[in-house]
Amino acid sequence: MTVISTGVPYGLLRHQGPMLKTSARILLQAAGRSILTPRASAASAQAPVGMTIRRTIAAPPARLVEQYIRWCGAAGRYEGELPPHMVSQWSLPLVGELLMQLPYRLTGVINQGVSMTVHGPLPCDTALTLSASIESMEPAAGRVRVVVAIFTGVPGQARLVETRLHMSFLLPGKRPPKTAAPRPPDPAWHTAGQWRTDVSDGLRFALLTGDFNPIHWCGPLARRSVFGGKVLQGFGSLARSIEALGSGGFRELDVRFLRPVPLPCPPLSVQLASEADADGWRALRLAGDGDGGTVVHLAGRLR
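For the sequence shown, the positions run 1318 to 1620 when our numbering is used.
Rendered as structure tokens:
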């Protein structure tokens, strides 16, 4: 089982300036308008589709990358490379800029999952080229589903890592009751790795990525949230789960965040289907024990 208790230096906070500035803008914007402005509706929110922001940024500092790799339990696995799941550190400021163009309150956005394709390794000492765009917006029952596409590369190779964030904005008003979608039978699972967290891991991941949503590190505010306490960032759960699999890595993954990981948490199991399907995909999930049996925090597939 992977147990990470290493401290993360507070000095890394100085490398999170872009995300901290974006977060401040989001809070100011949220304070100045309601969750849905009069001009907005699920039907009228199609205009921003295709909106794109591009940036070229300096390579993440070596100390930040080293600490991120250690926190994930991946020491020795990324010689000269950036972990592809570190994408949240450099991309979320752009994503925040995009989402602020929408008529919804960002403090209420729900992060539902991540899709990722790795076309090639990201060198750790080269400037990164970034492109983020709103790929789709679809009205659903009581919400609007948004997909943001992010391409990370280097000059001359702009699409080394392709990432899609799947999010939802809840709309005001009464929402229809959820209907359980039919699901296929579970495959034969085998446990490929385990990990657990302590109460400070939300703060550590925030120092590493700039994701300082208070539900991850501020106990009093987190206890007032719908989760009733501190929870780990979705990308943190993903990174720990991927690295708990060992050094095999992945070319593609598609996962959904089903239930947040509480802080602290008992040991969680990263499970893979015993067999791949005809296209080489293997089902993946992060599971733990709950009062009613198995609790699944993350589910999807990779190859």
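We put the CB at the ideal spot given by N, CA and C, even for glycine.
Contact criterion: CB-CB distance below 8 Å. Does residue i meet it with respect to chain B?
{"i": "residue 1572", "result": "Among the protein chains of the structure shown there is no chain B, as only one such chain exists."}
Identify, in the order they occur along the chain, each residue of the same chain with its Cβ nearer than 7 Å to the Cβ of residue i, setting aside the five sequence neighbours on each side.
{"i": "residue 1558", "result": "1587, 1603, 1615"}
{"i": "residue 1562", "result": "1509, 1510, 1587"}
Answer with buried or exposed for residue i, where buried requires no fewer than 16 other C-beta atoms within 10 angstroms of its C-beta.
{"i": "residue 1325", "result": "buried"}
{"i": "residue 1413", "result": "buried"}
{"i": "residue 1333", "result": "buried"}
{"i": "residue 1423", "result": "buried"}
{"i": "residue 1551", "result": "buried"}
{"i": "residue 1514", "result": "buried"}
{"i": "residue 1408", "result": "buried"}
{"i": "residue 1538", "result": "exposed"}
Hey, would you say residue i sits closer than 8 Å to residue j, going by beta carbons?
{"i": "residue 1469", "j": "residue 1478", "result": "yes"}
{"i": "residue 1376", "j": "residue 1475", "result": "no"}
{"i": "residue 1431", "j": "residue 1449", "result": "no"}
{"i": "residue 1390", "j": "residue 1512", "result": "yes"}
{"i": "residue 1542", "j": "residue 1532", "result": "yes"}
{"i": "residue 1401", "j": "residue 1439", "result": "yes"}
{"i": "residue 1577", "j": "residue 1548", "result": "yes"}
{"i": "residue 1484", "j": "residue 1418", "result": "no"}
{"i": "residue 1546", "j": "residue 1579", "result": "yes"}
{"i": "residue 1597", "j": "residue 1620", "result": "yes"}
{"i": "residue 1502", "j": "residue 1459", "result": "no"}
{"i": "residue 1601", "j": "residue 1573", "result": "no"}
Excluding the 5 residues flanking residue i on each side, which residues of the same chain have their C-beta closer than 6 Å to its C-beta?
{"i": "residue 1393", "result": "none"}
{"i": "residue 1506", "result": "1588"}
{"i": "residue 1331", "result": "none"}
{"i": "residue 1287", "result": "Residue 1287 lies beyond the range of the chain shown here (1318 to 1620); nothing can be said about it."}
{"i": "residue 1522", "result": "1550, 1553"}
{"i": "residue 1416", "result": "1423"}
Mind checking who residue i pairs with in its DSSP beta bridge?
{"i": "residue 1485", "result": "1427, 1462"}
{"i": "residue 1336", "result": "Paired residues: none, contrary to the question."}
{"i": "residue 1545", "result": "Residue 1545 pairs with nothing; no bridge assigned."}
{"i": "residue 1474", "result": "1471"}
{"i": "residue 1507", "result": "1589"}
{"i": "residue 1515", "result": "Residue 1515 is not bridged to any residue."}
{"i": "residue 1610", "result": "1607"}
Sorry if obvious, but does the Cβ on residue i come closer than 7 Å to a heavy atom of the ligand NAP?
{"i": "residue 1510", "result": "Annotation note on the ligand NAP: not contained in the displayed structure, which lists no ligands."}
Could you pull out every residue in the same chain whose Cβ sits closer than 8 Å to the Cβ of residue i, ignoring the five residues on either side in sequence?
{"i": "residue 1544", "result": "1532, 1577, 1579"}
{"i": "residue 1338", "result": "1410"}
{"i": "residue 1481", "result": "1431, 1432, 1433, 1452, 1464, 1465, 1466, 1467"}
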